[in-house]
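Here is the structure we will look at, set down as structure tokens.
Protein chains: 2
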Amino acid sequence: MAKNTYLELPGKTIERLSQYRRILYNSIHEGKTNIYSHELAKMMNLTPVQVRRDLMLIGYSGSQSKGYVIKDLVALIGKIIDSEKGQDIILVGMGNLGRAITSYFSGKRDKLSIVSAFDNDLQKTGRIVAGIPCHHISQIKEFVKKENIQIAVLTVSPEATHDVAKMLLDAGIRGILNYTSVPLTVPEGIHLEEYDIVTSLEKLAYLVK
Amino acid sequence: MAKNTYLELPGKTIERLSQYRRILYNSIHEGKTNIYSHELAKMMNLTPVQVRRDLMLIGYSGSQSKGYVIKDLVALIGKIIDSEKGQDIILVGMGNLGRAITSYFSGKRDKLSIVSAFDNDLQKTGRIVAGIPCHHISQIKEFVKKENIQIAVLTVSPEATHDVAKMLLDAGIRGILNYTSVPLTVPEGIHLEEYDIVTSLEKLAYLVK
DNA sequence: TGAGTGTTGATATTCAATTCACAATATAAG
DNA sequence: CTTATATTGTGAATTGAATATCAACACTCA
Ligand SMILES: NC(=O)c1ccc[n+]([C@@H]2O[C@H](COP(=O)([O-])OP(=O)(O)OC[C@H]3O[C@@H](n4cnc5c(N)ncnc54)[C@H](O)[C@@H]3O)[C@@H](O)[C@H]2O)c1
Ligand SMILES: NC(=O)c1ccc[n+]([C@@H]2O[C@H](COP(=O)([O-])OP(=O)(O)OC[C@H]3O[C@@H](n4cnc5c(N)ncnc54)[C@H](O)[C@@H]3O)[C@@H](O)[C@H]2O)c1
Chain S
22 MAKNTYLELP GKTIERLSQY RRILYNSIHE GKTNIYSHEL AKMMNLTPVQ VRRDLMLIGY
82 SGSQSKGYVI KDLVALIGKI IDSEKGQDII LVGMGNLGRA ITSYFSGKRD KLSIVSAFDN
142 DLQKTGRIVA GIPCHHISQI KEFVKKENIQ IAVLTVSPEA THDVAKMLLD AGIRGILNYT
202 SVPLTVPEGI HLEEYDIVTS LEKLAYLVK
Chain X
22 MAKNTYLELP GKTIERLSQY RRILYNSIHE GKTNIYSHEL AKMMNLTPVQ VRRDLMLIGY
82 SGSQSKGYVI KDLVALIGKI IDSEKGQDII LVGMGNLGRA ITSYFSGKRD KLSIVSAFDN
142 DLQKTGRIVA GIPCHHISQI KEFVKKENIQ IAVLTVSPEA THDVAKMLLD AGIRGILNYT
202 SVPLTVPEGI HLEEYDIVTS LEKLAYLVK
């Protein structure tokens, strides 16, 4: 029985664990029960050694003849990255990107769901948009506290980014996934992930030339 | 006068250069002409040393008293990551995500633009969607060859991913930015970037717990 | 049985990225 | 002029990530 100690895993490993699980779900769906490191590696463009190393880090052991038991591995990855009772997420800024994200994400994961959105456009608030309830931004603090929300996805207009981020921090949010083109800085102890397609495209443009 | 030799820069540095430039554009807009490494670092959550190191790698020198000249720095970054005559990009899969991306990206960069989209839904093809012309997927090969397109953004449904990727490679695409939830593998020499919000959210969920 | 094959798990090594530490330099203040 | 302060640029050290290597084991087949 694994103790519930906090494993200090490399960030890259966490990302790969999430992806392993996604692929393993598909494999289960196709009727596979076991998988070898080289199979998993191939599907993810990695080396088998790297796969084994990641699994070693989380303390999972396979068998030399049958490889890894998919069901068990998925369960263990869940134990590592999911929180016990699930985590609810909110999204702020129900525009084009916000809608694309919520409709994509809905129902993707058991323990992780976008439960509510917030906007300041009265056209969008007070009703269901893209499958989830959209409230007015003025209600955000109360909601976050009451529902104990820890993670927010930020997809508001660039101008609103700083204000909204401040509200989120005030309300007690612990992790922000920022998609606006405005870089944020957050206090110690708050986790921030940012992503921008422009950066990816410029990198690609550099690489292909 | 910098020779046009191909600098072998670390991938991480390329990404940061793209972000530096974004921030520097804003600074210019606010009337700033010079900037210190620690200012830039603060805006990007980096250390000043890292900023200086990156700029050193591209061969830019500042002054001890005035820091870096923003205009010149932006120009040099452009020289490194932009291609001389600009690069045109296509997007495949004009759904929710595709529309969010095209409307966001349009006009963002001089040398980089999404010029056309492709889809197999006859509702969407043959007209302008989200600001750009959307053609039928069957025309993609011809278009890519004729217009010498090198980079494609992939936002089709998961089921279509492999087929469409194959078409793109056949047509001679050299870089793919894959947003579908289906991991791709590409031949040697082709550049691939993938991003999935689920991975980011699961990483955040792990970090905040 | 016993050689041959293919796999895992772990240690060692290499490679890449970041940070440290400080010399060199410019400016301002006394 | 001299000292104090702030900055850049960079070699060296450190940290982090990926890869190579190989012993140990399990299975197959002759
Ligand atoms: N990271 C990426 O790759 C990427 C891609 C596309 C868009 N973006 C960025 O994401 C953001 C959203 O893009 P979009 O295309 O959905 O834009 P959009 O204009 O369609 O959506 C913005 C939404 O934010 C809401 N909003 C504005 N101010 C608000 C406030 N103070 N409080 C609450 N809600 C507020 C608006 O009502 C709107 O619904 C923009 O900042 C854009 O730059 C990033
Ligand atoms: N990476 C992420 O963070 C992220 C976020 C949202 C969605 N997604 C993924 O992006 C993709 C698009 O999401 P969406 O919400 O826009 O879905 P969507 O269904 O709205 O859009 C898919 C589009 O692809 C088109 N398409 C389907 N098959 C095609 C084919 N063979 N050739 C050309 N076009 C074809 C459809 O007509 C549709 O317009 C999905 O694969 C989804 O899983 C990823």
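Sequence lines, in order, name chains S and X. Using our numbering, the letters of the first sequence correspond one by one to residues 22 to 230. Using our numbering, the letters of the second sequence correspond one by one to residues 22 to 230. From the three backbone atoms N, C-alpha and C, an ideal C-beta is built for every residue, glycine too.
Note down, in chain order, each residue of its chain lying with its Cβ closer than 8 Å to the Cβ of Tyr81 (chain S), except the 5 sequence neighbours on either side. Tyr89, Asp93, Leu94, Leu97
Would you mind reading off the limits of the beta strand (DSSP E) that contains Gln14 (chain X)? Absent from the model: residue 14 (chain X). The displayed extent of chain X is 22 to 230, so no value can be given.
Is the CB of Phe164 (chain S) under 8 Å away from at least one CB in chain X? no
Please classify Met188 (chain X): is it buried, with 16 or more other beta-carbons within 10 angstroms of its beta-carbon, or exposed? buried
With DSSP run on the structure shown, which of helix, strand or coil describes Glu214 (chain S)? strand
According to DSSP, residues forming a beta bridge with His59 (chain X): In DSSP, His59 (chain X) forms no bridge with anything.
Short CB-CB distance (under 8 Å) between Lys24 (chain X) and chain S: Legend: pLDDT at Lys24 (chain X) = 39, less than 50; position of this residue unreliable, value from coordinates given subsequently. So no, Lys24 (chain X) is outside the interface.
Where Pro69 (chain X) and His59 (chain X) are concerned, what is the direct C-alpha to C-alpha distance, given to the nearest angstrom? 5 Å
Taking just the CA atoms, how far does Val207 (chain S) sit from Lys63 (chain X)? 11 Å
Give every residue of the same chain whose Cβ lies closer than 8 Å to the Cβ of Val203 (chain X), excluding the five residues on either side of it in the sequence, and list them in chain order. Pro179, Thr182, His183
Neighbouring residues, chain S, relative to Gln171 (chain X) (Cβ below 9 Å): Leu225, Ala226, Val229, Lys230
Less than 7 Å separating the Cβ of Met115 (chain X) from some heavy atom of ligand 2? yes
In whole angstroms, what separates the C-alpha of Leu228 (chain X) from that of Val113 (chain X)? 34 Å
Residues bridged to Val113 (chain S) [DSSP beta-bridge criterion]: S:Phe139, S:Leu175
Taking 7 Å as the cut-off, is the CB of Ser124 (chain X) close to at least one heavy atom of ligand 1? yes
Out of S:Thr201, S:Gly32, S:Ile211, S:Thr220, which one is the CA nearest neighbour of Ile102 (chain S)? S:Gly32
If I'm right that Met269 (chain X) touches Val165 (chain X) with Cβ under 8 Å, what's the distance once you round it to whole angstroms? Because chain X is modelled from 22 through 230, residue 269 (chain X) falls outside the range shown and cannot be assessed.
Just how far apart, CA to CA, sit Ser137 (chain X) and Asn117 (chain S)? 19 Å
Whose CA, out of S:Ser127, S:Tyr216, S:Ile56, S:Thr34, lies closest to the CA of Ile79 (chain S)? S:Thr34
Compute the Euclidean distance between the alpha carbons of Ile111 (chain S) and Phe139 (chain S), then round it to the nearest angstrom. 8 Å
With the cut-off set at 8 Å, would you say Leu222 (chain X) and Asn199 (chain X) are in Cβ contact? no
Under 9 Å between beta-carbons, which chain X residues line up against Tyr125 (chain S)? List them in chain order, please. Asn117, Leu118, Ser202, Ile218, Val219
Given that Ala138 (chain S) touches chain X, what residues does it touch there, using C-beta distances under 7 Å? Residues of chain X passing the Cβ test: none, with the nearest at roughly 14 Å.
Report the option in X:Ile218, X:Glu36, X:Lys129 whose CA atom is closest to the CA atom of Asp75 (chain X). X:Glu36
Please tell me whether Gly196 (chain X) has its Cβ less than 8 Å away from any Cβ of chain S. yes
Per-residue contacts from Gly32 (chain X) into chain S (C-beta, under 8 Å): Lys224
Cβ shell of His212 (chain X) (< 8 Å), same chain only, five flanking positions each side left out: Arg195, Gly196, Ile197
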